[in-house]
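S.K.: Using this note's numbering, you'd call the opening residue of the sequence shown number 703 and step up by one each time.
Sending over a structure as structure tokens; questions will come in a sec.
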Amino acid sequence: MPEAAEIARVFYSDVHGLSHGKYVAADDLDHPTHYAVTVLTQAIDGDMPPAPGYGADVGFPDMEARADLATRRPGWEPDTDVVFADLYHTDGRELPIDVRRALRLICGRWTDRGLTPMAGFEMELYLLAKDPSEGFEPLAVPWHRVYGTGPSFDPTGLGREIFETCRRCGIPVEGVNGEFHPAQMEVALHYRDALAAADDAFLFKELARELAHRAGLGATFMPRPFPRLVGSGLHVNLSLQDAPGSNAFAAADEEYGLSPLGRHALAGLIAHHEALCGIGAPTINSYKRLVPGLIAGYWANWGLDNRFSTYRVPGERGQATRVECRNPDGASSPHLVTAAMLAAMLHGVEEELPLPEPQVGDADADPNTDRHAPHSLAEGLDAIAADTVLTEALGADLVNLFLGVKRTEVDRFNAAVTDWEIREYARLF
């Protein structure tokens, strides 16, 4: 283990999956780190979002960010460790709008059943030719090929540097390669308990963007940054482990090689598809990716090793049995989307929901369901609001905050005049 650093960078996540925090002296980590407000950090545009009980109506009270010392690990800045914080009211009560808390509580409900949620993330992103503040264009990759390595995926070496830095920082990367279009890369993170896996995914996004900035380049997890190129997903692989350490989804002699528990859990995901899309596709831009034809998780279906299905069961069985959830995108919060999916799975198990037939072949040409993703962020938010099961599981305070800040995004978009409108109409009217 490397020697502990003298400085610690304390992180917590907002509902967007974006980081906030402080640099503190490492020997002060056992003291709460105070902030002046609670929810002002939750809005992208800096406005005061509607969040009853946390905002102007109660005078913007203080909160505490208490370091979870078990999460401390080396950072990517010199002599600086990183550590997660959990959020509390100053009287010691946990803060209900903390997304990491939401995931921990859902995991606890599974633990009460003798099961441990397991997760692994597949991260997709685009490398940019310059810092996004100076322009927004993909890195040129003249020799691009899918699953390329070396110059055929990144002639700058930034992707390999990200990989090497992750290894030094305790972010367990399984593999890095070029993805479908030039400048797009995919990073698979190791499978482990769901909370630790979500922490890894959160830190990976921070590390990748900051290393790109340091190199004078850029990295974006935006769902569909370039209209002629495919989008970037945040695929979440999920399973459950029983007390002896065996995969509770695996059952070689059962239908589809899935245990009844696994089939009910999968049915829960399908039952809550529309709301899960609202949480996993949380921006206006998300719905440029979440459309038919991009195998991005549009249909409310599942399949056996079929990428046209949103909830894909890969061919591996035994300890590798899992469900790959393909609808979340790179702008989603790893903690919040995983909490929502585990809550949906829990509902499927508790109610013993029946699993529909698997999708066979091309769902875009011949879908076996008429249910599909919302067509806009506004529709996605309505689906969340209508899903009382997920609202109760995640907590009304957290869901109301999410809906409030996201609906202000919809309002700002609806009021905006876009470049497309200028190009299309200004010369004519």
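Beta carbons: idealized from backbone N, C-alpha and C, even for Gly.
With a threshold of 16 other CB atoms inside 10 Å of the CB of L940, please say whether the residue is buried or exposed.
M.R.: Within the sequence shown, numbered from 1, the residue matching residue 940 stands at position 238. L940 should be labelled buried.
S.K.: State the beta-bridge partners of Y714 as determined by DSSP.
M.R.: Within the sequence shown, numbered from 1, the residue matching residue 714 stands at position 12. Its beta-bridge partners are H722.
S.K.: Is it buried or exposed, W778, if we count other Cβ atoms within 10 angstroms and call 16 or more buried?
M.R.: On the sequence shown, residue 778 is found 76 positions in, with the first residue counted as 1. Taking all protein chains shown into account, W778 has 16 or more neighbouring C-beta atoms within 10 Å of its C-beta and is therefore buried.
S.K.: For C868, which option in L905, A896 and Y790 has the closest C-alpha, if you only look at C-alpha atoms?
M.R.: Numbered from 1 along the sequence shown, position 166 holds the residue referred to as residue 868. Considering only alpha carbons, the answer is L905.
S.K.: Which residues share a DSSP beta bridge with G880?
M.R.: Numbered from its first residue, the sequence shown carries residue 880 at position 178. M887.
S.K.: So L960 and A1046 are supposed to be a Cβ contact under 8 Å. How far apart are they, rounded?
M.R.: As a working note, residue 960 is residue 258 in the sequence shown. As a working note, residue 1046 is residue 344 in the sequence shown. Rounded, the Cβ-Cβ distance is 16 Å, inconsistent with contact.
S.K.: I want to know whether the region 713-732 touches the region 1033-1048 - three or more CB-CB distances under 8 Å.
M.R.: yes
S.K.: Sorted by chain position, which residues of the same chain lie with C-beta nearer than 7 Å to A706's C-beta, five sequence neighbours on each side aside?
M.R.: Mapped onto the sequence shown, residue 706 falls at position 4. Excluding residues within five positions, the ones whose Cβ falls inside 7 Å are A728 and D783.
S.K.: For L1006, which residues does DSSP report across the bridge?
M.R.: Position 304 of the sequence shown, counting from 1, holds the residue named residue 1006. Paired residues: V1015.
S.K.: Going by DSSP, what residue range makes up the alpha helix (DSSP H) through P1060?
M.R.: As a first step, residue 1060 is located in the sequence shown; it is residue number 358 there, counting from the start. It is not in any alpha helix (DSSP H) - P1060 carries neither H nor E in the DSSP assignment.
S.K.: When the Cβ atoms of the region 822-841 are set against those of the region 916-935, are three or more pairs found closer than 8 Å?
M.R.: yes
S.K.: Going by C-alpha distance, which of P1016, G1050 and K907 is nearest R965?
M.R.: Within the sequence shown, residue 965 is the residue found at index 263, counting from 1. Sorting P1016, G1050 and K907 by C-alpha distance to the C-alpha of R965 places G1050 at the top.
S.K.: Look at L830 and L841 and say whether their C-beta atoms are less than 8 Å apart.
M.R.: Walking along the sequence shown from the start, residue 830 turns up at place 128. Walking along the sequence shown from the start, residue 841 turns up at place 139. In contact: L830 and L841 (Cβ atoms closer than 8 Å).
S.K.: Leaving out the 5 sequence neighbours to the left and right, which residues in its chain are closer than 7 Å to G982 when beta-carbon positions are compared?
M.R.: Within the sequence shown, numbered from 1, the residue matching residue 982 stands at position 280. Counting only Cβ-Cβ distances below 7 Å, and skipping sequence neighbours, we find N1029, P1030, D1031, S1034 and V1039.
S.K.: Just checking my contact of A1085 with G980 at CB under 8 Å: how many whole Å lie between their CB atoms?
M.R.: Here residue 1085 is taken as the residue at index 383 of the sequence shown, counted from 1. Here residue 980 is taken as the residue at index 278 of the sequence shown, counted from 1. Confirmed, about 5 Å.
S.K.: Which residues bound the beta strand (DSSP E) around M1047?
M.R.: Numbered from 1 along the sequence shown, position 345 holds the residue referred to as residue 1047. Premise fails: M1047 lies in the alpha helix (DSSP H), P1036 to E1052, not in any beta strand (DSSP E).
S.K.: Hey, which unbroken runs of the alpha helix (DSSP H) at 4 residues or more fall wholly within the region 751-810?
M.R.: none
S.K.: Touching or not, the region 1050-1062 and the region 999-1013, by the rule of three or more beta carbon pairs under 8 Å?
M.R.: Cβ pair count under 8 Å is three or more, so yes.
S.K.: How big is the Cα-Cα spacing for E839 and R711?
M.R.: As a first step, residue 839 is located in the sequence shown; it is residue number 137 there, counting from the start. As a first step, residue 711 is located in the sequence shown; it is residue number 9 there, counting from the start. If I take the Cα positions, the gap works out to 31 Å.
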